[in-house]
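Participant:
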Amino acid sequence: MSQDYLEGTPESRVQALQDALFELWDADSDDTASRAAVLGHLKTYMKDARDSIEQRLIDDGKGKACARRLSELQDNVLTALYELALNRIYRATNPSSAERIAIIAVGGYGRATMAPGSDVDLLFLLPYKQTAWGESIVEFLLYMLWDLGLKVGHSTRTIDDCARLAKQDMTIRTAMLDARLITGDEDLYSDLRERYAHEFQRGGSRDFIEAKLRERNDRHSRAGESRYLVEPNVKDGKGGLRDLNTLFWLATYHYGVDRLGPLVERGVLTRSEVRLFDKCEEFLWAVRCHLHFLTGRAEERLSFDLQRAMAERLGYNDHPGVKDVERFMRHYFLVAKDVGDLTRVLCAALELEHVKSASVMSMVVGRFRRRKAGAVPDMPGFTIEADRLNVEDDEVFKRDPVNLLRLFHASDKYNLDFHPDAIRLARRSLKLIDSKLREDEEANRLFLDILTSRNDPELILRKMNEAGVLGRFIPDFGKIVALMQFNLYHHFTVDEHLIRSLGILAAIEQGRMKDDHPLASELIGTLENRRLLYVTMLLHDIAKGRPEDHSTAGARIARRLCPRFGFSAAETATVAWLIENHLVMSMTAQSRDLSDVRTIEDFASLVQSPERLKLLLILTEADIDAVGPGTWNDWKAALLRQLYMETETVLTGGHTRVARIRRVESVKASLREALSDWSQERFDDFAERHYPAYWLRTSTERQVADAEFFDSIDTEADALAFRTEVDDVNGVTELTILAPDHPRLLSLLAGACAAASADIVDAQIFTTTDGFAFDTIRLRREPGNDADEYARANRVADHFRRAVTGEQGMAQIIAEKDKPRGRIKAFDLAPHVTISNDLSDRFTVIEVSGIDRPGLLHALTATLARLNLDITSARVATFGERAVDVFYVTDLTGQKITNTNRQGAIRRHLLATFEPAAKAA
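Each number in our numbering comes from the position in the sequence shown (counting from 1) with 1 added on.
#1: Across which residues does DSSP place Thr-835 in a beta bridge pair?
#2: Taking the straight line between their C-alpha atoms, what separation do you get for Asp-789 and Ala-759?
#3: With DSSP collapsed to three states, give me the class of Glu-386.
#4: Have a look at Ala-688 and Ala-708 and give me their C-alpha separation to the nearest angstrom.
#5: Mapping DSSP to helix, strand and coil, what is Pro-519?
#6: What are the boundary residues of the alpha helix (DSSP H) that includes Phe-141?
#7: Across which residues does DSSP place Tyr-889 in a beta bridge pair?
#8: Scan the region 759–809 and note each continuous alpha helix (DSSP H) run of 4 residues or more that stays entirely inside, going in chain order.
#9: Could you pull out every residue in the same chain whose Cβ sits closer than 7 Å to the Cβ of Ala-81, ignoring the five residues on either side in sequence?
#10: Locate the beta strand (DSSP E) running through Phe-125, then write down its first and last residues.
#11: Relative to the alpha-carbon of Glu-647, which residue among Gly-631, Trp-633, Val-665 and Tyr-83 has its alpha-carbon at the smallest distance?
#12: Just the C-alpha distance for Asp-678 and Glu-581, rounded to the nearest angstrom, thanks.
#13: Whole-angstrom Cβ separation of Ala-299 and Gly-240, contact assumed at under 8 Å?
#14: Tell me the rounded alpha-carbon separation between Leu-149 and Thr-45.
#15: Within this structure, are the beta carbons of Ala-798 and Phe-723 separated by less than 8 Å?
#16: Are there 16 or more other CB atoms within 10 angstroms of the CB of Trp-633, so buried, or fewer, so exposed?
#17: If we ignore side chains and look at the alpha-carbon of each, how far apart do His-155 and Ile-105 end up?
#18: CA-CA distance, Asp-319 and Asp-325?
#19: With C-beta atoms as the reference, is Lys-545 less than 8 Å away from Leu-484?
#20: Given this structure, state the Cα-to-Cα distance separating His-583 from Ser-606, to the nearest angstrom.
#21: Below 8 Å between beta carbons: does that hold for Leu-408 and Ala-427?
#22: In whole angstroms, give me the CA-to-CA distance for Trp-696 and Lys-669.
#23: Do Arg-661 and Pro-611 count as a contact pair if the criterion is CB distance below 8 Å?
#24: Inspect the CB distances between the region 829–845 and the region 597–605 and report whether three or more fall short of 8 Å.
#25: Could you have a look at Asn-530 and say whether DSSP puts it in helix, strand or coil?
#26: Tell me the DSSP secondary structure of Arg-557 in three-state form.
#27: Could you check what DSSP says for Phe-711 in three-state terms: helix, strand or coil?
#28: Going by DSSP, what residues sit across from Leu-182 in a beta bridge?
#29: For Pro-611, which of helix, strand or coil comes out of DSSP?
#30: Counting C-beta neighbours from all protein chains within 10 Å, is the total for Gln-896 16 or more, i.e. buried, or is it exposed?
#31: Using DSSP with H/G/I as helix, E/B as strand and the rest coil, what is Arg-724?
#32: According to DSSP, is Gly-154 part of a helix, a strand, or is it coil?
#33: Near Val-366, what residues of its chain come up, given a Cβ to Cβ distance below 6 Å and the 5 sequence neighbours on each side ignored?
#34: Among Ala-50, Ala-706, Ala-875 and Arg-547, which one has its Cα closest to the Cα of Arg-328?
#35: For Tyr-333 and Val-288, which I take to be in contact (beta-carbon distance under 8 Å), what is that distance rounded to the nearest angstrom?
#36: Would Gly-316 be called buried (16 or more neighbouring beta carbons within 10 Å of its own) or exposed?
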């Protein structure tokens, strides 16, 4: 049946279905049997037709054609059912003027495009009142559609009802804009269209436009503000199908057109922009239809566990250094960027026609200063028109290609937004950016001024990127535009991450992030050359997506680019070194024992100078913060601060142990001031329980909370004590445990988390001077409210208590839960074990990395215990789907593990902990 469905014409298809339903409805039998026969036929018909439509999509890849076929299929079913009801079931032999009805598609269905899981939005239009006949028709249709398993949105209204409600509700007004007659009384439908055009479209459109833009911003806030989020919402996300719909609504409502072609003659859009609209719509519909077919539901989010299957379904292949899924997602983000460009062009055109207020426009184009019309000071070839930076004529870039850089330099210098004509001309002039312009001294000076501007370099660089100028002027940057990294750690595409990191860097320098980055804010004003930092930030990930290590390749790119920017050999060498080592400080702080003098000495020998140390610290903080929400936190800040302070002492010729004692005393003094209401004895009792590592790695705010926690506990009566804090900002729940220290305590704690299905994303592990373990673990927050999180933390605490006291064996519970869950299942990451005796003078350092799962830390620590290794300290961290756990160990005699055979056995046993989870996945 499915093949016959696609081979026929639309008219023949609906007629064949109608004939079949008429034949199945037996007037001589009871209605229940006839209804069952019709329903059974329709279910088979729709399944076969949808299968055929899906196969055609796979064969030809045409998304919009697929959406139209699905809409036509729905039309056929509704038309055939209506004809059945009208002529066989509720036949009106002498219909009155009230016994008329028009069945109208509204919303997305009204545009004659549907995804496989789309709702069926219907308006049953009546002349002026409901009749028993009309009520019966509507009831029959709705029950049949529901019994077919369709999601139906419906309303039954008169024309007066529609007009009245459209005045009150902008959503209804928008739905009516897309109204389309499926079947029924054509005169009723025509009257509705005329009434709508007369009362709404032919008047002012300003209210409608402002409402749709507010609605768009609200939708973006819910789905994610950036169009470069690595798990985008195809329908409602920024740069998705709904943005195209909004663009079309604005054009339809304001200009009174039913397609975009006529806007070319009116000078609103160019022919290439209309073609781009069609191209974007085609791609997004293909992705959305594939997504619904793949999942069997109305799934709109391209989550990690679906992206690889989607890439295979759409025919993408691996390229050197770039996975098939990354190529697919790059295509997606380039389309999302084009959607944003089109939206800005139309919105700017509407503003120039004075249909929108400045307050609404600011939601779209950002905040810029209003200026008087006229020439731009010291910028021949540019003018200010309607508060926007424009070009004097279409030859301005041809006369001098450097003007392509001057355009953005003027925007930054005079705080002006761009006229759409200027951006259009810049896009059409990209071929003028050739090797000669890239080597032009003036062009590079202008670019460096933009990059290092004390205004808002993030805003201008993003506009340069969206116009295509940035990627042409720096071709290596063009290679990472819209490039995603298929991992859970990075929230944005590579180019968006780089531009965001520059924004954070500028905010630190301007003093706007003192609370989040106090040390970086203090140091940035003391730099000898701030330009080095901005260039490094722009280039630090520029070599992503290549077969070789991006840090090494990025340093090579910097050595080529920096002389172009006018940097000396020494400045170029510093930038290249920073890029080559931009991950080292973060990894050292998070995965090495900072109380081990060898760690500090090795890091200091790499850095070599205090100036490099300052640059690397600021670069590291901004880089981490730009990864995504919640990535930067007070724990990472404390670790980097400690590493910086310890290393600075070595580099400036001081003694690290002496400096450490002074810093500990300073930290204690700060806490004493914060606890001014405590007696000295009470304060000393708390202070004497902690080793220097605690004072150096925790903030004063946390120490205050810890002091109150300790003060509330009677350690003689309470062998175990717990504290839970829900951190909504960072999306984690912190569980702090105070317990008598024990060699397997960390393993038991990790097991308790696994038993409660709680994922550890970070951990701070301390030992007190009186023999207690004082550990804080951060658990990844699950969907739900704070009460759910407290309950989950309590389950962890209960499992831990019962394990410590021997009441519960967790092996079986953990075995059932010890496998990757949720989005992590989408990733395939080979485990790796490194064993080193060179990183510490006293301990063997074992680093284990691999795919994260709830029971991983328990499995690793239990394995080390079985191998008779004593864990002196541990560092626990996760980077998206990748867990990196580092253990400082000795054998039971306190010696390093030097025997090669034993090291091999340790490596084999640790790697084996990943095998059960790999099989389960």
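For every residue, glycine included, the Cβ atom is placed at its ideal position computed from N, Cα and C.
Facilitator: Answer, in terms of the structure:
#1: Walking along the sequence shown from the start, residue 835 turns up at place 834. Glu-848.
#2: Numbered from 1 along the sequence shown, position 788 holds the residue referred to as residue 789. Numbered from 1 along the sequence shown, position 758 holds the residue referred to as residue 759. Straight-line measurement puts the Cα of Ala-759 at about 12 Å from the Cα of Asp-789.
#3: Taking the first residue of the sequence shown as 1, we reach residue 386 at position 385. Note: Glu-386 maps to strand in three-state DSSP.
#4: Against the sequence shown, residue 688 aligns to sequence position 687. Against the sequence shown, residue 708 aligns to sequence position 707. The alpha-carbon atoms of Ala-688 and Ala-708 are separated by roughly 9 Å.
#5: If you number the sequence shown from 1, residue 519 lands on position 518. Helix, per DSSP.
#6: As a first step, residue 141 must be located in the sequence shown, where it is residue number 140. That run of the alpha helix (DSSP H) goes 133–148.
#7: Against the sequence shown, residue 889 aligns to sequence position 888. Answer is Val-846 and Ser-874, bridged to Tyr-889.
#8: 787–805
#9: As a first step, residue 81 must be located in the sequence shown, where it is residue number 80. Contacts found: Val-15, Leu-18, Gln-19 and Leu-22.
#10: Along the sequence shown, one-based indexing puts residue 125 at 124. In the DSSP assignment, Phe-125 falls within the beta strand (DSSP E) that extends over 121–127.
#11: Here residue 647 is taken as the residue at index 646 of the sequence shown, counted from 1. Closest option to Glu-647, Cα to Cα, is Val-665.
#12: Here residue 678 is taken as the residue at index 677 of the sequence shown, counted from 1. Here residue 581 is taken as the residue at index 580 of the sequence shown, counted from 1. Distance between the alpha carbons of Asp-678 and Glu-581 is about 49 Å.
#13: Working through the sequence shown from its first residue, we reach residue 299 at position 298. Working through the sequence shown from its first residue, we reach residue 240 at position 239. Going by Cβ atoms, the distance from Ala-299 to Gly-240 rounds to 20 Å, so no, they are not a contact pair.
#14: Walking along the sequence shown from the start, residue 149 turns up at place 148. Walking along the sequence shown from the start, residue 45 turns up at place 44. Here the C-alpha atom of Leu-149 lies approximately 10 Å from the C-alpha atom of Thr-45.
#15: Locating residue 798 in the sequence shown gives position 797, where the first residue counts as 1. Locating residue 723 in the sequence shown gives position 722, where the first residue counts as 1. Yes.
#16: In the sequence shown, counting from the first residue as 1, residue 633 sits at position 632. Trp-633 comes out buried.
#17: Taking the first residue of the sequence shown as position 1, residue 155 is located at position 154. Taking the first residue of the sequence shown as position 1, residue 105 is located at position 104. Those two C-alpha atoms are separated by around 10 Å.
#18: The sequence position of residue 319 within the sequence shown is 318, counting from 1. The sequence position of residue 325 within the sequence shown is 324, counting from 1. Their Cα atoms are separated by approximately 4 Å.
#19: Counting from 1 along the sequence shown, the entry for residue 545 is found at position 544. Counting from 1 along the sequence shown, the entry for residue 484 is found at position 483. Contact: yes.
#20: Counting from one through the sequence shown, the residue named residue 583 turns up at place 582. Counting from one through the sequence shown, the residue named residue 606 turns up at place 605. Their backbone Cα atoms lie some 16 Å apart in a straight line.
#21: Taking the first residue of the sequence shown as 1, we reach residue 408 at position 407. Taking the first residue of the sequence shown as 1, we reach residue 427 at position 426. For Leu-408 and Ala-427, yes; Cβs fall inside 8 Å.
#22: By one-based count along the sequence shown, residue 696 stands at place 695. By one-based count along the sequence shown, residue 669 stands at place 668. About 7 Å.
#23: Numbered from 1 along the sequence shown, position 610 holds the residue referred to as residue 611. Numbered from 1 along the sequence shown, position 660 holds the residue referred to as residue 661. Cβ distance not < 8 Å, so Pro-611 and Arg-661 don't count as in contact.
#24: yes
#25: Residue mapping note: residue 530 aligns to position 529 of the sequence shown, counting from 1. DSSP, read as helix, strand or coil, puts Asn-530 in coil.
#26: The residue labelled residue 557 in the question sits at position 556 within the sequence shown. Residue state, collapsed to three classes: helix.
#27: As a first step, residue 711 must be located in the sequence shown, where it is residue number 710. Note: Phe-711 maps to helix in three-state DSSP.
#28: As a position in the sequence shown, residue 182 is number 181, starting the count at 1. Note: Leu-182 sits in a beta bridge opposite Ile-105.
#29: Against the sequence shown, residue 611 aligns to sequence position 610. Helix.
#30: Within the sequence shown, numbered from 1, the residue matching residue 896 stands at position 895. Gln-896 comes out exposed.
#31: Residue 724 sits at position 723 when you count from the first residue of the sequence shown. Three-state DSSP puts Arg-724 in a strand.
#32: Position 153 of the sequence shown holds residue 154. If DSSP states are grouped into helix, strand and coil, Gly-154 belongs with the strands.
#33: The sequence position of residue 366 within the sequence shown is 365, counting from 1. Because the pLDDT at Val-366 is just 43, under 50, the model does not fix this residue reliably, and the value given afterwards should be weighed accordingly. Closer than 6 Å at Cβ, skipping near neighbours: Asp-418.
#34: Working through the sequence shown from its first residue, we reach residue 328 at position 327. It is Arg-547 whose Cα lies nearest to the Cα of Arg-328.
#35: Stepping through the sequence shown from its first residue, residue 333 is reached at position 332. Stepping through the sequence shown from its first residue, residue 288 is reached at position 287. Indeed, because the Cβ distance is near 7 Å, the residues count as touching under 8 Å.
#36: Against the sequence shown, residue 316 aligns to sequence position 315. Answer is exposed; the Cβ neighbour count stays below 16.
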